[in-house]
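Student: In our numbering, the protein residues as written are 3 to 372. Below you will find the structure I want to go over with you.
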């Protein structure tokens with residue numbers, strides 16, 4: 003059948019190039035002969051049970067067919083393209099499948115993944131979906147392996163009572179584990195593939211070991227994924243609370259986002275005098291103290307839109323120093339007895355109280371210079 007189709011196309015091209023190349027009688031004879039051959043081949047294959055289209059036409063079959071059945075004498079230079087049956091055949095049937103770029107392949111993958119977006123979202127958009135189905139709470143049991151159902155393209159967060167110290171992931175190519183900034187007691191896990199599984203062992207600072215069996219699904223799974231997993235442990239919770247209270251007694255914590263500084267309370271020295279002219283009093287910091295390393299100046303961000311510049315007074319000259327800002331605190335990375343704080347043309351002088359004149363914390367002396 004394919005031979006007949008090929009021959010018909012070739013014949014049409016030949017006649018288009020030169021209608022006089024073959025007379026009508028010759029054409030009818032050739033068509034009749036080829037039809038009989040096709041009928042004979044199909045009957046034979048039907049009797050033997052063979053596929054009717056098992057044989058793929060090749061260039062060699064085509065050349066043999068043309069040599070035996072078609073005679074062309076065409077020298078018209080404008081129709082050389084059609085006068086060469088092999089060229090015409092190759093153009094029609096020998097084109098290779100084009101190579102796809104990475105971008106095209108990515109688009110194809112996304113199309114396949116998004117072709118049934120309704121099914122992907124179906125479970126989440128059902129009226130009976132309350133929003134709590136993806137959250138599970140697991141009581142900690144020593145030596146027990148807990149199962150967590152993950153989903154391709156979604157992340158699962160595991161929260162512990164104690165901080166995560168380290169972890170071991172079985173399959174690092176199929177899953178990804180990430181620590182969460184500013185949440186040392188939580189991690190995030192995400193599968194890269196569908197239908198894979200692995201194990202995850204997590205060591206927390208309360209000296210406990212948590213073991214998990216992870217497996218990934220997709221939207222075709224009837225069960226919703228576990229997107230938030232809370233590990234409940236009353237013992238660790240009490241211990242963690244006690245540790246937090248002890249830390250609060252020992253350290254003064256300056257924190258904003260992931261930036262954090264801990265200052266030992268025993269090292270905090272608030273013995274400073276703040277001097278300013280009446281119209282510059284708005285620039286006076288609400289608190290000033292130092293520890294063994296740095297000096298700290300507090301400005302409420304809500305009240306002060308601009309961050310003032312801090313200078314150490316050395317040899318009666320204002321000398322720039324390295325500073326950083328965390329929350330409401332400007333931290334000068336040095337210690338000095340005298341400081342000048344500038345904002346535009348306004349300034350404030352800060353001077354450390356001598357040892358015999360020291361005052362208690364938060365009882366700082368403030369003087370206005372007329």
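Don't be surprised by glycine CBs; every beta carbon is placed ideally from N, CA and C.
Suppose the cutoff is 6 Å on Cβ atoms and the five residues either side in sequence are ignored; what does the same chain contact list for residue 163 look like?
Tutor: If we look at residue 163 and ignore the five residues flanking it on each side, its Cβ neighbours are 235, 238, 239 and 242.
Student: For residue 253, which residues from the same chain have a beta carbon less than 7 Å from its beta carbon, with the 5 sequence-adjacent residues on both sides left out?
Tutor: So the qualifying residues of the chain are 264, 265, 266 and 267.
Student: Sort 223, 168 and 201 by Cα distance to residue 210 and report the nearest one.
Tutor: When each option's Cα is compared against that of residue 210, the closest is 168.
Student: On the three-state DSSP scale, how would you describe residue 281?
Tutor: Looking at residue 281 - three-state DSSP - the assignment turns out to be helix.
Student: Applying the 10 Å Cβ sphere with the 16-neighbour rule, what's the burial state of residue 1?
Tutor: It is not possible to answer for residue 1, since the shown part of the chain is limited to 3 through 372.
Student: What does residue 322 pair with, by DSSP beta-bridge criteria?
Tutor: Looking at the DSSP assignment, residue 322 forms a beta bridge with 313.
Student: Looking at the unbroken alpha helix (DSSP H) that takes in residue 240, where does it start and where does it end?
Tutor: First-last of the alpha helix (DSSP H) with residue 240: 236-252.
Student: Would you give the residue range spanned by the beta strand (DSSP E) that residue 138 belongs to?
Tutor: Segment 137-141, the beta strand (DSSP E) holding residue 138.
Student: For residue 193, which residues in the same chain have their Cβ closer than 6 Å to its Cβ, ignoring the five residues on either side in sequence?
Tutor: 152, 154, 177 and 218.
Student: Residue 157 bridges to which residues according to DSSP?
Tutor: In DSSP, residue 157 forms no bridge with anything.
Student: What is the DSSP secondary structure of residue 202, reduced to helix, strand or coil?
Tutor: Correct three-state label for residue 202: strand.
Student: Under the three-state reduction of DSSP, which class applies to residue 129: helix, strand or coil?
Tutor: Residue state, collapsed to three classes: coil.
Student: Can you tell me whether residue 226 is helix, strand or coil according to DSSP?
Tutor: Note: residue 226 maps to coil in three-state DSSP.
Student: Assuming residue 315 contacts residue 340 under a Cβ cut-off of 8 Å, what Cβ separation, rounded to an integer in Å, is found between them?
Tutor: Rounded, the Cβ-Cβ distance is 4 Å, consistent with contact.
Student: Expressed to the nearest angstrom, what Euclidean distance is found between the alpha-carbon atoms of residue 255 and residue 207?
Tutor: Going from the Cα of residue 255 to the Cα of residue 207 covers about 20 Å.
Student: What does DSSP give as the partner residues of residue 213 in its beta bridges?
Tutor: 147 and 203, per the DSSP bridge assignment.
Student: Pull up the DSSP beta-bridge partners for residue 232, would you.
Tutor: BP columns for residue 232 point to 139 and 161.
Student: Quick one, which of 199, 294, 186 and 170 has its alpha-carbon nearest residue 179's?
Tutor: That would be 170, whose Cα lies nearest to the Cα of residue 179.
Student: Please classify residue 147 as buried or exposed, where buried requires at least 16 other C-beta atoms within 10 Å of its C-beta.
Tutor: Per the 10 Å Cβ criterion, exposed.
Student: Could you give the DSSP three-state label for residue 124: helix, strand or coil?
Tutor: Helix at residue 124.
Student: Who are the near neighbours of residue 328 in its chain, counting only those whose CB is closer than 8 Å to its CB and skipping five residues on each side?
Tutor: These residues qualify, in order along the chain: 256, 257, 258, 261, 262 and 263.
Student: Taking DSSP as the reference, what is the three-state secondary structure of residue 46?
Tutor: Three-state result, residue 46: helix.
Student: Please tell me whether residue 226 and residue 125 are closer than 8 Å, where the distance is taken between their beta carbons.
Tutor: Closer than 8 Å, so yes.
Student: Check the C-beta distance from residue 285 over to residue 333 and give it rounded, since I have them as a contact under 8 Å.
Tutor: Going by Cβ atoms, the distance from residue 285 to residue 333 rounds to 18 Å, so no, they are not a contact pair.
Student: Can the beta-carbon of residue 188 be found less than 8 Å from the beta-carbon of residue 159?
Tutor: Contact: yes.
Student: By DSSP's criteria, residue 291 is part of a beta bridge. Which residues make up the other side?
Tutor: BP columns for residue 291 point to 298.
Student: In whole angstroms, what separates the C-alpha of residue 306 from that of residue 229?
Tutor: In a straight line, the C-alpha of residue 306 is about 41 Å away from that of residue 229.
Student: Identify the continuous beta strand (DSSP E) that holds residue 171 and give its terminal residues.
Tutor: Segment 166-171, the beta strand (DSSP E) holding residue 171.
Student: Determine, using beta carbons only, whether residue 291 and residue 271 come nearer to each other than 8 Å.
Tutor: Cβ distance < 8 Å, so residue 291 and residue 271 count as in contact.
Student: Have a look at the DSSP bridge pairing and note the partners of residue 177.
Tutor: Per DSSP, 193.
Student: Once you ignore the five residues that flank residue 233 on each side, which residues in its own chain have a CB closer than 6 Å to its CB?
Tutor: The answer, listed in chain order, is 140, 142 and 162.
Student: Can you tell me which residues form a DSSP beta bridge with residue 263?
Tutor: DSSP lists 256 as partners of residue 263.
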